[in-house]
Amino acid sequence: MSRATLGVALVSGIGFGFGLAYSTMTRPEVVLDFLRWRDFGMLLVLGGAVAVTTPTYQLLPRLLRKPVLADSFGKHHSVMSRQTIGGAALFGIGWGIGGVCPGPAIAGLGAGNWPLLVALGAMLLGAYVQGWIASRRRVAAPDR
Amino acid sequence: MVHDWFPNGAAHYLIGGVLIGVAVSFAFAMSGLVTGMSTVFSAAWSYVSDRSFFQQARFTTSRQWRLALAAGLVLGGLLFVATGGSAFQTHVSWWQLAIGGFIAGFGARMSNGCTSGHGICGLASFQLPSLTAVVTFLLTAMIAARIVALIGGT
């Protein structure tokens, strides 16, 4: 792992975290208001982010042979599977209960939203249990 | 009409979203990184658990930059407050944060993506499974949020 990559990730994270705090997505109340159709601002957050990221992801690999500081562009590969969709359904249930998703849980801490530590700790625990179960499945069916 | 949809104004939502998009684009342009957030949890566990799921190369080879990204998120939140943004502490009940956080953490890792992974990176990559995931979690989240309100949640 090059130092440049770590530096880029850190700077990107700072922008990401600042954007999350600026958009007030680090406030679970705002997320819950969106999910209960009282304030549709979250659609603008997602829309703004996707509007900027889409041309980057689509055009850059065609314009440049490689990223400025690395050898290849990463790819987001998702598969249509029961895991992807079932997991998304579960993720939504959790998001709807607490109003917290991974990015804002982490960025919110920096913005002084300490109660989010509860959500962040619970997320880490949930991720552990998921990996624990998935490890057992991999033993039972290694090719999956 | 617009006022009804955005009772707290619209500009800060859009500006925040664009900033996030710029940050995600920066990581991609400079180092080719695809910056979904939830993977950092599995990647962090790869340091302490030898279970086979956590020891996959996709976690062990990316865990350093993913932790740097997470550290940046905290610093970004800090920078927001340091530059005059108002700090805010949630009043959502602790049981909602705990139960919701656990299920969201489990589900995001099972689905291999969350609001940023499927929502931003997946949609921007024109991935149909990600679009399906986004529609699915928006739907279940809206139902869950209504039920929580009905049973006396925040």
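If you're matching them up, the sequences are chains A and B in order. According to the numbering used here, the residues represented by the first sequence are 1 to 144, in order. According to the numbering used here, the residues represented by the second sequence are 1 to 154, in order. Backbone N, C-alpha and C define an ideal beta-carbon position, used for all residues, glycine too.
Same chain, Cβ closer than 7 Å to residue i, five either side skipped, listed in chain order
| i | result |
| --- | --- |
| GLY20 of chain A | Position check: residue 20 of chain A holds Leu in this sequence, whereas Gly was assumed. Excluding residues within five positions, the ones whose Cβ falls inside 7 Å are THR26, GLY103, PRO104, ALA107. |
| PRO28 of chain A | GLY98, GLY99, VAL100 |
| TRP95 of chain A | CYS101 |
| ARG66 of chain B | THR39, VAL40, ALA43 |
| LEU128 of chain B | none |
Contact list for residue i against chain B, beta-carbon separation under 8 Å
| i | result |
| --- | --- |
| ARG65 of chain A | None at all; the shortest Cβ gap to chain B is about 11 Å. |
| LEU59 of chain A | By Cβ distance, chain B contributes nothing, its closest Cβ being about 10 Å from LEU59 of chain A, past 8 Å. |
| ARG3 of chain A | None at all; the shortest Cβ gap to chain B is about 10 Å. |
N-terminal and C-terminal residue of the alpha helix (DSSP H) that residue i is part of
| i | result |
| --- | --- |
| TRP95 of chain B | 94-111 |
| HIS12 of chain B | 11-31 |
| THR132 of chain B | 128-150 |
| THR39 of chain B | 39-45 |
| PRO61 of chain A | 41-63 |
| ALA71 of chain B | 63-82 |
Closer than 7 Å at the beta carbon, the chain B residues around residue i
| i | result |
| --- | --- |
| ARG62 of chain A | Residues of chain B passing the Cβ test: none, with the nearest at roughly 13 Å. |
Exposure of residue i, with buried meaning 16 or more beta-carbon neighbours within 10 Å
| i | result |
| --- | --- |
| ILE151 of chain B | exposed |
| MET1 of chain A | exposed |
| GLN89 of chain B | exposed |
| GLY9 of chain B | exposed |
| ALA68 of chain B | buried |
| THR84 of chain A | buried |
| PHE126 of chain B | exposed |
Proximal residues to residue i (C-beta, below 6 Å), its chain only, five neighbours per side dropped
| i | result |
| --- | --- |
| VAL92 of chain B | THR154 |
| THR24 of chain A | VAL30 |
| ARG63 of chain B | ALA43, SER46 |
Sequence-distant residues of the same chain with beta carbon closer than 8 Å to residue i, five excluded per side
| i | result |
| --- | --- |
| ASP39 of chain A | VAL30, ASP33 |
| LEU97 of chain B | THR90 |
| ALA11 of chain B | none |
Near the ligand GTP: residue i beta-carbon under 7 Å from a heavy atom
| i | result |
| --- | --- |
| VAL129 of chain A | In the structure shown, the ligand GTP is absent, as is every other ligand, since no ligand is present at all. |
Beta-carbon neighbours of residue i, restricted to chain A and to distances below 8 Å
| i | result |
| --- | --- |
| ILE120 of chain B | LEU46, ALA49, VAL50, THR53 |
| GLY105 of chain B | GLY94, PRO102, ALA122, MET123, LEU124, LEU125, GLY126, ALA127, GLN130 |
Within chain A, the residues that residue i reaches when beta carbons sit closer than 7 Å
| i | result |
| --- | --- |
| LEU19 of chain B | GLY15, PHE18, GLY19, TYR22 |
Closer than 9 Å at the beta carbon, the chain A residues around residue i
| i | result |
| --- | --- |
| LEU128 of chain B | SER78, MET80 |
**Message:** Within 8 Å, do at least three Cβ pairs link the segment 114-124 of chain A to the segment 128-142 of chain B?
**Reply:** Taking a contact to require three or more Cβ pairs closer than 8 Å, the segment 128-142 of chain B and the segment 114-124 of chain A do not qualify as touching.
**Prompt:** Touching or not, the segment 44-55 of chain A and the segment 98-106 of chain B, by the rule of three or more beta carbon pairs under 8 Å?
**Reply:** With the cut-off at 8 Å, the segment 44-55 of chain A and the segment 98-106 of chain B do not touch.
**Asked** Counting Cβ pairs closer than 8 Å, one from the segment 38-50 of chain B and one from the segment 66-80 of chain A, do we hit at least three?
**Response** At 8 Å Cβ cutoff, the stretches do not touch.
**Prompt:** Are the segment 80-90 of chain A and the segment 43-59 of chain B touching by the rule of at least three beta carbon pairs closer than 8 Å?
**Reply:** Contact check between the segment 80-90 of chain A and the segment 43-59 of chain B: fewer than three CB pairs, one atom from each, fall below 8 Å, which does not count as touching.
**Asked** Using Cβ-Cβ distances below 7 Å, what residues of the segment 61-84 of chain B are close to chain C?
**Response** Annotation note: the requested chain C is absent from the structure, which comprises protein chains A and B.
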